[in-house]
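Asker:
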Amino acid sequence: MKLDSKVPSGPLEEKWNRHLKDIKLVSPNNKRKHKVIVVGTGLAGASAAASLSELGYNVQTFCIQDSARRAHSISAQGGINAAKNYQNDGDSVWRLFYDTIKGGDYRSREANVYRLAENSNNIIDQAVAQGVPFGREYGGLLDNRSFGGAQVSRTFYSRGQTGQQLLLGAYQAMMKEVHNGKIESFTRHEMLDLVVVDGKARGIITRDLVNGTINKWEADAVVLCTGGYGNVFYLSTNAKNSNVTAAWRCHRRGAAFANPCFVQIHPTCIPVSGDYQSKLTLMSESLRNDGRVWVPRSKDDSRHPNEIPEEDRFYYLEEKYPSFGNLVPRDVASRNAKLVTDDGLGVGDSGLAVYLDFRDAIKRDGEDAIRAKYGNLFDMYQNITDENPYKQPMRIFPAVHYTMGGLWVDYNLMSNIPGLFVAGEANFSDHGANRLGASALMQGLSDGYFIIPYTIGDYIAGEDLKVVGTGHEAFSEAADKSQKQLDKLLAVKGDKTVIEFHRELGKIMWDKVGISRSKEGLESAIKEIRALREEFWQNVRVPGEANYYNKYLEFAARVADYFELAELMALDALDRDESCGCHLRDEFQTEEGEALRNDEKYSFVSAWEFLGVNGKLETKLHKEDLNFEFVELKQRSYK
Amino acid sequence: MSEMTINLKIWRQKSIDDQGGFQTYQLSEVSEHMSFLEMLDVLNEKLIKEDIDPVEFDYDCREGICGSCNMVVNGSAHGPKRLTAVCQLHMRTYNDGDTIVIEPPRAAAFPVIRDLVVDRSALDRIIEVGGYVSVKTGAAPEANLIPVEQEVSNTAFDYATCIGCGACVAACPNSSAALFTGAKVAHLNSLPQGYPERKRRTIAMVDQMAKEGFGDCSNHGECEAVCPVGISISSIAEMRKSYLKAVL
Chain V
0 MKLDSKVPSG
10 PLEEKWNRHL
20 KDIKLVSPNN
30 KRKHKVIVVG
40 TGLAGASAAA
50 SLSELGYNVQ
60 TFCIQDSARR
70 AHSISAQGGI
80 NAAKNYQNDG
90 DSVWRLFYDT
100 IKGGDYRSRE
110 ANVYRLAENS
120 NNIIDQAVAQ
130 GVPFGREYGG
140 LLDNRSFGGA
150 QVSRTFYSRG
160 QTGQQLLLGA
170 YQAMMKEVHN
180 GKIESFTRHE
190 MLDLVVVDGK
200 ARGIITRDLV
210 NGTINKWEAD
220 AVVLCTGGYG
230 NVFYLSTNAK
240 NSNVTAAWRC
250 HRRGAAFANP
260 CFVQIHPTCI
270 PVSGDYQSKL
280 TLMSESLRND
290 GRVWVPRSKD
300 DSRHPNEIPE
310 EDRFYYLEEK
320 YPSFGNLVPR
330 DVASRNAKLV
340 TDDGLGVGDS
350 GLAVYLDFRD
360 AIKRDGEDAI
370 RAKYGNLFDM
380 YQNITDENPY
390 KQPMRIFPAV
400 HYTMGGLWVD
410 YNLMSNIPGL
420 FVAGEANFSD
430 HGANRLGASA
440 LMQGLSDGYF
450 IIPYTIGDYI
460 AGEDLKVVGT
470 GHEAFSEAAD
480 KSQKQLDKLL
490 AVKGDKTVIE
500 FHRELGKIMW
510 DKVGISRSKE
520 GLESAIKEIR
530 ALREEFWQNV
540 RVPGEANYYN
550 KYLEFAARVA
560 DYFELAELMA
570 LDALDRDESC
580 GCHLRDEFQT
590 EEGEALRNDE
600 KYSFVSAWEF
610 LGVNGKLETK
620 LHKEDLNFEF
630 VELKQRSYK
Chain S
0 MSEMTINLKI
10 WRQKSIDDQG
20 GFQTYQLSEV
30 SEHMSFLEML
40 DVLNEKLIKE
50 DIDPVEFDYD
60 CREGICGSCN
70 MVVNGSAHGP
80 KRLTAVCQLH
90 MRTYNDGDTI
100 VIEPPRAAAF
110 PVIRDLVVDR
120 SALDRIIEVG
130 GYVSVKTGAA
140 PEANLIPVEQ
150 EVSNTAFDYA
160 TCIGCGACVA
170 ACPNSSAALF
180 TGAKVAHLNS
190 LPQGYPERKR
200 RTIAMVDQMA
210 KEGFGDCSNH
220 GECEAVCPVG
230 ISISSIAEMR
240 KSYLKAVL
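One line per chain: the protein sequences are V and S, in this order.
Taking numbering that gives the first Met the number 0, the leading residue of the first sequence gets 0, the next gets one more, and so forth.
Taking numbering that gives the first Met the number 0, the leading residue of the second sequence gets 0, the next gets one more, and so forth.
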């Protein structure tokens with residue numbers, strides 16, 4: 000396997016524009032002869048589909064939801080970053096680039112991140128033109144708020160529903176193209192395999208989730224925008240149907256999987272309440288603008304939080320990180336929440352929570368001002384916990400939220416399988432070992448609106464893509480394989496449900512491949528994952544039939560893939576003998592408990608090649624060295 | 000933590016060709032902290048172990064924003080709590096021994112796929128004919144070039160917040176999608192970016208609504224009462240106003 004990042008040469012500021020000048024174009028007459036498949040209709044997928052269709056390509060979109068508008072991007076709350084410098088606080092493309100690469104703890108490509116920062120301003124322009132109702136000031140101009148890991152205010156927002164509004168903008172742009180007859184949209188269709196012919200991605204296999212039909216689809220290129228794999232942990236802030244299957248099946252067909260162990264654990268989520276818990280709910284990071292994080296100073300303080308006086312409160316983030324305080328990056332905030340709860344200072348029934356307190360902000364600005372900013376989040380919190388956060392502090396705890404790892408892509412967002420492009424959370428490209436808040440929306444839309452539409456043309460113009468026909472044996476082989484796997488799952492008829500297996504797998508992952516990892520823990524996790532995977536195939540109980548709507552069959556196939564991914568994540572974490580960003584290995588910490596990188600040995604992207612599963616996952620590690628030409632690698636400090 | 004026994008009466012229908020009917024189930028050890036959908040998860044785990052097909056229902060984010068869930072609970076779309084999607088409903092709303100009747104959202108334009116799962120693609124087709132601003136990628140002017148009054152922007156947001164769940168249709172005696180359609184029309188027509196296309200948009204979307212088999216609005220207001228995100232019925236007035244201006 001050869002990994003060529005294809006990063007253009009030249010000064011950082013000129014790379015993307017030079018590249019745009021150099022890449023090949025497809026003439027308008029020829030674009031209509033080409034078909035592109037876009038899988039997933041979140042921010043990356045919907046924006047890519049709309050933009051490709053506007054350019055003249057024939058586009059087919061596929062999503063598992065009943066409408067393209069329901070992709071999980073819809074749940075993003077807080078905002079989207081852009082380097083507009085509307086606040087005149089000294090922001091610039093360079094600063095956004097620098098914050099993002101530093102926030103990612105220097106484990107991403109300089110050129111990709113710089114391009115992301117460059118595109119950020121266009122995204123805001125595009126969204127506003129689509130009618131996305133961003134928050135505005137009295138003068139009618141756009142407002143900003145602050146997010147973690149930055150000392151400027153550059154986050155644009157639509158109350159606590161920024162993802163919803165941006166996705167609806169992209170979805171509407173996509174529906175406009177459906178109306179124009181250039182996009183064919185298939186909903187309730189799940190991609191089960193990638194079809195590779197002569198080494199190139201030439202189509203996909205899907206299952207119609209309503210009646211179980213397996214379908215074959217041919218195209219000149221496939222764009223995978225299928226999101227992240229956080230649900231491998233069972234409990235996460237991801238939507239219940241978010242899954243790794245499409246990406247994993249591409250991995251099985253030869254696409255390298257990069258940095259699988261880089262998982263973001265978001266610091267501000269509502270704590271687990273019981274065994275029946277099906278998912279965790281995020282409370283936007285924006286709350287840390289006004290909320291203060293604390294725990295009682297002493298272990299056995301059983302007083303109601305409102306009764307605990309100032310001197311007995313441990314505002315651990317403010318004390319440890321005076322310059323960023325409560326606005327440290329997510330990995331730092333999550334790790335510190337774990338540290339204080341490990342020390343027995345946690346609050347609530349389970350002891351697995353810390354306080355996020357708005358008392359002082361309410362005193363300062365008034366309850367109405369806080370309600371105007373965060374009303375919907377406070378309502379959501381109260382609805383779930385039955386506690387009033389205007390009157391007492393919220394209880395929060397970290398939860399799995401986002402996966403920085405994903406399929407390996409080059410600068411053109413193409414995987415190592417020619418013709419397979421990967422955008423949004425599904426790729427590994429821009430966030431390194433930790434993603435800053437309000438950067439996921441930015442990346443999804445940058446990839447979809449402003450990168451893929453150009454780079455796909457370069458690929459198509461440079462290839463001789465003859466029609467292969469879905470009758471080709473590669474299509475039949477992939478379709479048969481998909482059907483057989485589903486039949487096999489249904490035939491086991493064991494004793495344990497898919498959810499029971501998934502929950503057990505999630506517990507192994509959370510305990511041993513979660514906020515902190517150790518050699519010993521990872522080695523035992525790998526053994527446990529293998530054993531549980533064996534048991535899964537012997538003893539899973541999948542109800543119903545393959546030719547009807549059957550959600551538990553969908554889950555079963557996805558959990559089967561999680562079992563393989565889980566092992567790869569543990570292997571990757573074990574291989575990386577350093578701490579960086581969200582990847583904290585107990586053995587590699589500074590004296591103050593911060594992540595201790597090893598730039599000499601681990602300044603690379605780990606890209607894993609799939610070789611097979613036979614009791615254990617057979618895999619091979621390839622390395623793409625990260626070369627930092629423009630920034631100096633430093634120990635991240637938010638103190 | 001108190002635990003309850005709940006009696007469930009749930010609509011079961013294997014496919015669109017099946018006639019369907021209610022089945023009753025009893026579920027014990029229901030925690031007051033469970034969400035309503037978690038209660039159904041627990042029921043399904045039990046059914047699977049008993050070799051009974053689990054109840055199919057749509058859900059995804061479980062945070063009240065994706066709009067996937069939309070079941071009708073005791074006759075009310077999304078259940079008894081105002082401004083709350085059924086995924087955000089918690090069992091503390093109920094008492095030990097309660098009977099809960101759960102049905103799919105019923106409308107001619109929403110054919111049943113299985114149990115509580117329906118086909119709502121008609122709503123997508125309403126958006127398809129005009130629920131957007133026709134701006135191509137890359138053609139947008141600088142974002143702050145057109146100031147928008149804060150109040151106008153806030154009102155547009157209030158309409159744009161629609162999650163497209165279809166509860167308004169299920170609750171309406173006419174099975175009208177006027178609240179859904181009105182919300183998108185009002186969102187886009189009220190903004191300077193959406194203004195140029197307002198006439199074409201409004202006529203196309205209203206016409207499509209009728210074509211899909213949704214009824215017309217006769218001001219019952221049930222839609223507003225069940226809307227989990229509080230879309231105001233004033234959106235329908237805005238749509239009517241835009242429509243009249245467009246056709247006159």
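Cβ atoms here follow ideal geometry from the backbone N, Cα and C, with glycine treated the same way.
Please identify the residue among V/Gly103, V/Met379, V/Pro270 whose C-alpha is closest to the C-alpha of V/Ala439.
Answerer: Out of V/Gly103, V/Met379, V/Pro270, V/Gly103 has the C-alpha closest to the C-alpha of V/Ala439.
Asker: Taking only runs that begin and end inside the segment 340 to 411 of chain V, name each unbroken alpha helix (DSSP H) of 4 or more residues, in chain order.
Answerer: The segment 340 to 411 of chain V contains these whole alpha helix (DSSP H) runs: 358 to 364, 366 to 384.
Asker: Would you kindly work out how many angstroms separate the C-alpha atoms of S/Asn173 and S/Ser75, rounded to a whole number?
Answerer: Taking the straight line joining both Cα atoms gives about 15 Å.
Asker: By DSSP, does V/Ile498 sit in helix, in strand, or in coil?
Answerer: It is helical.
Asker: Along chain S, which residues have their Cβ under 9 Å away from the Cβ of V/Thr496?
Answerer: By Cβ distance, chain S contributes Asn43, Glu44, Ile47, Lys48.
Asker: Determine the contact status of V/Val327 and V/Arg394, defining contact as a CB-CB distance below 8 Å.
Answerer: No.
Asker: Does the CB of S/His77 have a neighbour CB from chain V at under 8 Å?
Answerer: No, S/His77 lies away from the interface with chain V (no Cβ there is under 8 Å from its Cβ).
Asker: When you compare the CB of S/Glu37 with every CB in chain V, is at least one pair closer than 8 Å?
Answerer: Yes, S/Glu37 counts as interfacial toward chain V.
Asker: Rounded C-beta distance between S/Ile112 and V/Val209? I'm assuming under 8 Å.
Answerer: Indeed they touch by this definition, with Cβ atoms about 6 Å apart.
Asker: Are any of the Cβ atoms in chain S nearer than 8 Å to that of V/Glu386?
Answerer: For V/Glu386, the answer is no, since every Cβ of chain S falls outside 8 Å of its Cβ.
Asker: Under three-state DSSP, which class holds V/Val37?
Answerer: It is a strand residue.
Asker: Contact criterion: CB-CB distance below 8 Å. Does V/His265 meet it with respect to chain S?
Answerer: No, its Cβ sits nowhere closer than 8 Å to a Cβ of chain S.
Asker: Compute the distance between the beta-carbons of S/Asp95 and V/Asp65, then report whether it is under 8 Å.
Answerer: No. Outside cutoff.
Asker: Mapping DSSP to helix, strand and coil, what is V/Thr641?
Answerer: The shown model of chain V, from 0 to 638, leaves out residue 641 of chain V, and the question about it has no answer.
Asker: Can you name the residues of chain B whose CB is closer than 8 Å to the CB of S/Met33?
Answerer: Going by chain labels, chain B is absent from the structure shown, which instead holds the protein chains V and S.
Asker: Tell me the DSSP secondary structure of V/Phe146 in three-state form.
Answerer: Looking at V/Phe146 - three-state DSSP - the assignment turns out to be coil, as it is neither helix nor strand.
Asker: Measuring CB atoms only, is the segment 22 to 29 of chain V touching the segment 422 to 432 of chain V, in the sense that at least three cross pairs come out at less than 8 Å?
Answerer: Because the criterion of three Cβ pairs below 8 Å is not met, the segment 22 to 29 of chain V and the segment 422 to 432 of chain V do not touch.
Asker: Skipping 5 residues on each side, what residues in its chain have a beta carbon closer than 6 Å to that of V/Pro7?
Answerer: Only Lys14, Arg17, His18 meet the Cβ criterion.
Asker: Please classify S/Leu243 as buried or exposed, where buried requires at least 16 neighbouring CB atoms within 10 angstroms.
Answerer: Classification for S/Leu243: exposed.
Asker: Are V/Lys319 and V/Ser277 touching if we call contact CB-CB under 8 Å?
Answerer: Cβ atoms of V/Lys319 and V/Ser277: not closer than 8 Å.
Asker: What is the DSSP secondary structure of V/Tyr231, counted as helix, strand or coil?
Answerer: Rather than Tyr, the amino acid found at residue 231 of chain V in this sequence is Val. In the structure shown, V/Val231 sits in a helix (DSSP, three-state: H, G or I).
Asker: Ignoring anything shorter than 3 residues, give me the beta strand (DSSP E) runs that lie fully in the segment 560 to 630 of chain V, in order along the chain.
Answerer: Counting whole runs of 3 or more residues, the segment 560 to 630 of chain V contains the beta strand (DSSP E) stretches 603 to 613, 615 to 624.
Asker: Return the CA-CA distance between S/Ser180 and V/Asp124, expressed in angstroms with no decimal places.
Answerer: Sequence inspection shows Thr at residue 180 of chain S; the Ser mentioned does not correspond to that position. Rounded to whole angstroms, S/Thr180 to V/Asp124 spans 26 Å at the Cα level.
Asker: Buried or exposed for V/Trp536, going by 16 or more other Cβ atoms inside 10 Å?
Answerer: Classification of V/Trp536: exposed, given that the 10 Å Cβ count is below 16.
Asker: What whole-angstrom Cβ distance do V/Leu2 and V/Ala606 have, given they're in contact under 8 Å?
Answerer: Sure, about 6 Å apart at Cβ, within 8 Å.
Asker: With a 10 Å radius around its C-beta and 16 neighbouring C-beta atoms as the bar for buried, classify V/Ala559 as buried or exposed.
Answerer: Looking at its Cβ environment, which holds 16 or more other Cβ atoms inside 10 Å, V/Ala559 is buried.
Asker: How would you label V/Gly148, buried or exposed, when you count the other beta carbons within 10 angstroms and need 16 or more for buried?
Answerer: Buried, since its Cβ has 16 or more Cβ neighbours within 10 Å.
Asker: Give the DSSP-derived three-state secondary structure of V/Asp207 in the structure shown.
Answerer: Strand at V/Asp207.
Asker: For chain S, check one thing: does any of its Cβ atoms lie closer than 8 Å to the Cβ of V/Gly470?
Answerer: Answer no: the Cβ-Cβ gap between V/Gly470 and chain S never drops below 8 Å.
Asker: Which residue's Cα is closest to the Cα of V/Phe500: V/Lys518, V/Arg529, V/Gly443?
Answerer: Of V/Lys518, V/Arg529, V/Gly443, the residue nearest in Cα terms is V/Arg529.
Asker: Say whether the segment 6 to 21 of chain S touches the segment 99 to 111 of chain S, bearing in mind that this needs 3 or more beta-carbon pairs closer than 8 Å, one atom from each stretch.
Answerer: The answer is yes - the segment 99 to 111 of chain S touches the segment 6 to 21 of chain S, with three or more Cβ pairs under 8 Å.
Asker: The beta strand (DSSP E) with S/Tyr24 in it runs from where to where?
Answerer: Unbroken beta strand (DSSP E) run through S/Tyr24: 20 to 30.
Asker: Where does S/Asp206 fall in DSSP's three states?
Answerer: Residue state, collapsed to three classes: helix.
Asker: Taking DSSP's pairing of strands, which residues face V/Met190 in a bridge?
Answerer: V/Thr205.
Asker: Mind checking who V/Gly505 pairs with in its DSSP beta bridge?
Answerer: Bridge partners of V/Gly505: none, in fact.
Asker: Would you call the CB atoms of V/Leu642 and V/Val294 closer than 8 Å?
Answerer: Nothing can be reported for residue 642 of chain V: it is not among the residues displayed for chain V, which extend from 0 to 638.
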